[in-house]
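The sequence shown begins at 152 in the numbering used here and counts up one residue at a time.
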Amino acid sequence: MAKLVIQGNGPLNGRVAISGAKNSALPCLTACILSSEPVTLTNVPQVDDVATMCTLLSELGMGVRNLSHGVEIDGSSIHAHATRYDLVKAMRASILALGPLLARLGRAEISLPGGCAIGARPVDLHINALKQLGAEITLEHGNIEARCTRLKGTEIYFDKVTVTGTENVLMAATLAEGTTVIHNAALEPEIEDLAHLLRAMGAQIKGEGTSTIAIEGVRELKGATHEVIPDRIETGTYVCAAAITAGHLFIDKCRPNHLSRFLEQMQRVGLPLSVNGDTIEVKPHTGLLGKDVQTMPHPGFPTDMQAQYMAVMTQAKGRSLITESIFENRFMHAVEMKRMGADIRIDGHNAIVTGPTNLSGTDVQATDLRASASLVLAGLVADGETVIHEIQHLARGYDRLDEKLVMAGARIERVAI
Ligand code: EPZ
Numbered sequence: 152m153a154k155l156v157i158q159g160n161g162p163l164n165g166r167v168a169i170s171g172a173k174n175s176a177l178p179c180l181t182a183c184i185l186s187s188e189p190v191t192l193t194n195v196p197q198v199d200d201v202a203t204m205c206t207l208l209s210e211l212g213m214g215v216r217n218l219s220h221g222v223e224i225d226g227s228s229i230h231a232h233a234t235r236y237d238l239v240k241a242m243r244a245s246i247l248a249l250g251p252l253l254a255r256l257g258r259a260e261i262s263l264p265g266g267c268a269i270g271a272r273p274v275d276l277h278i279n280a281l282k283q284l285g286a287e288i289t290l291e292h293g294n295i296e297a298r299c300t301r302l303k304g305t306e307i308y309f310d311k312v313t314v315t316g317t318e319n320v321l322m323a324a325t326l327a328e329g330t331t332v333i334h335n336a337a338l339e340p341e342i343e344d345l346a347h348l349l350r351a352m353g354a355q356i357k358g359e360g361t362s363t364i365a366i367e368g369v370r371e372l373k374g375a376t377h378e379v380i381p382d383r384i385e386t387g388t389y390v391c392a393a394a395i396t397a398g399h400l401f402i403d404k405c406r407p408n409h410l411s412r413f414l415e416q417m418q419r420v421g422l423p424l425s426v427n428g429d430t431i432e433v434k435p436h437t438g439l440l441g442k443d444v445q446t447m448p449h450p451g452f453p454t455d456m457q458a459q460y461m462a463v464m465t466q467a468k469g470r471s472l473i474t475e476s477i478f479e480n481r482f483m484h485a486v487e488m489k490r491m492g493a494d495i496r497i498d499g500h501n502a503i504v505t506g507p508t509n510l511s512g513t514d515v516q517a518t519d520l521r522a523s524a525s526l527v528l529a530g531l532v533a534d535g536e537t538v539i540h541e542i543q544h545l546a547r548g549y550d551r552l553d554e555k556l557v558m559a560g561a562r563i564e565r566v567a568i
């Protein structure tokens, strides 16, 4: 285990390179279950959740080979359909194996993912949709027990937009008999990236990136090579790091059009930034303004950027109302920031931030992935030393966050405990 010790050290200055998107790499990895031929994924981020997912696949009997530029997954030797509780406990995204296992093997046994710090995180939408595709699914002893002959395509209507729910059905439908149409599908770039991989494997898919996706089932999928898209949330996190320190940062190897609403919000608060191909340049500023924001499904303001944005708003002039409309408990970072001196009032799904306030370094507790990142950002500008405990949350989803920030001038030390 380790902790991060951060000394406020003035404006960041330099360049960071964005890694592959965790939330695309994870469904792309489970998509490999669908084929008996090897699939090579490149630009895969070095994060713990990817390592956990590779362990899950290898325990199903699949070949997992780390390459210099990515990972090769070989589904020809798959011989199991059950996942271990502690893997699912460590990573809720294990649920993404459900659809592919049903489609490939006709069986799946996955621990029911529990909630996490940010909410109950139910999977009822996944289960109901897969039942409509013909799966028999029971919940017994905390396990999802699913079986089917061959899934049968149908019209699926999601009453609520669900990213991994859309991904599970999209993957399952590629091998179903007939046509599946997903209505009210999620629009996230990660869905499009997954569809691009599946199409390269031979799937017949139309409409990804819109709210209606049509899939014509085929008998089998083949191998493919696919480059995972850059991580839009990692990108936004570094934009916030430059903003909170009034620094000058070049963010390379990103996909700016995947976070347009977030970038537009940062321009609203007065952050000078420019986009040039796959680079975002954040320029020094002399002050930011507090502006309201509400998290929404893509293309709205991402819930995964809410904590990082709140950290920036503690240094902006005036009041900002931040409304979290996706998850029911995603303000834990606010409690820790208040201990550092931030002026934040929580009222249900709303957080009212008044700034700028001087933050003072202290010991803080990371609770979830994005909350942890927001505390790192707060530590960059706090007076004195900020010590972030429980940083395993960070390692789940950020590829060398502390190293990349140190390269841009931050003073961060990783201390083993
Ligand atoms: C994905 O989670 C992401 N994770 C999350 O990123 C992200 O915050 C979230 O989408 C929203 O953008 C991955 O892609 C691995 P949802 P997911 O299903 O799919 C409710 C991060 O920090 N819901 O879109 O689990 C749910 O409770 C993580 O990288 C149901 O009610 O989110 C939530 O209120 C955190 N029943 C809303 O829908 C269901 O069956 C949206 O959840 C499924 C979801």
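Every residue gets a Cβ at the ideal spot worked out from N, C-alpha and C, and that includes glycine.
- The beta-carbon distance between VAL222 and VAL198, rounded to whole angstroms, is 12 Å. This is too long to meet the 8 Å contact definition.
- Between ligand 1 and THR518, a heavy atom-to-CB distance of less than 8 Å is absent.
- Annotation for ARG383: the continuous alpha helix (DSSP H) segment containing it runs 383-396.
- With a cutoff of 8 Å, GLU343 does not count as near ligand 1, since its C-beta is closer than that to no heavy atom of the ligand.
- Listed in chain order, the beta strand (DSSP E) runs fully inside the segment 255-342 are 258-262, 287-291, 294-298, 306-308 and 330-334, counting runs of at least 3 residues.
- In this structure, the beta-carbon distance from ALA172 to PRO340 falls below 9 Å.
- In this structure, the C-beta of LEU422 stays at least 8 Å away from each heavy atom of ligand 1.
- In the structure shown, GLU223 adopts extended strand secondary structure according to DSSP, grouped into three states.
- Judged by beta-carbon spacing, LEU163 lies within the 9 Å limit of GLY398, meaning their Cβ atoms are closer than that value.
- Within the chosen limit of 8 Å, ligand 1 reaches the beta carbon of ALA337 through at least one heavy atom.
- The residues LEU338, SER411 and ARG412, in chain order, have a CB closer than 7 Å to that of PRO450 in the same chain once the five nearest residues on each side in sequence are set aside.
- The straight-line gap separating the alpha-carbon atoms of ALA182 and ILE380 is approximately 15 Å.
- Remark: C-beta atoms of ILE269 and ALA233 do not approach each other more closely than 9 Å.
- An exposed status is given to GLU306, since fewer than 16 other beta-carbon atoms sit within 10 Å of its beta-carbon.
- Taking a 10 Å sphere around the C-beta of HIS230, we find fewer than 16 other C-beta atoms and assign the residue as exposed.
- Its chain contains ALA153, LYS154 and VAL156 as the residues whose beta carbon lies nearer than 7 Å to that of VAL566, once the 5 sequence neighbours on both sides are disregarded; these appear in chain order.
- About 17 Å separates the CB atoms of GLY560 and ASP534; that is not less than 8 Å, and the two are not in contact.
- Note: ALA375 is bridge-paired with VAL190 in the DSSP secondary-structure output.
- Around the beta carbon of TYR308, fewer than 16 other beta carbons sit within 10 angstroms, so the residue counts as exposed.
- For THR537, the enclosing beta strand (DSSP E) has its first and last residue at 536-540.
- In this structure, GLN457 and GLU479 do not form a Cβ contact; the two beta carbons are roughly 13 Å apart against a cut-off of 8 Å.
- Taking one beta carbon from each stretch, the segment 346-359 and the segment 482-501 have fewer than 3 pairs nearer than 8 Å; the two do not touch.
- For VAL167 against LYS555, the beta-carbon gap comes to about 5 Å, under 8 Å, which counts as contact.
- Cβ contact annotation for ALA529 (same chain, cutoff 6 Å, sequence separation greater than five): ALA462, MET488, MET491 and LEU510, in chain order.
- Using a Cβ distance threshold of 9 Å, GLY438 and LYS468 count as a contacting pair.
- Proximity to GLY329 across LEU252, MET213, ALA354 and LYS442 peaks at ALA354, based on C-alpha coordinates.
- Shown here, THR181 sits in a helix according to DSSP, grouped into three states.
- Boundaries around THR203 are those of the alpha helix (DSSP H), 199-210, since no beta strand (DSSP E) includes it.
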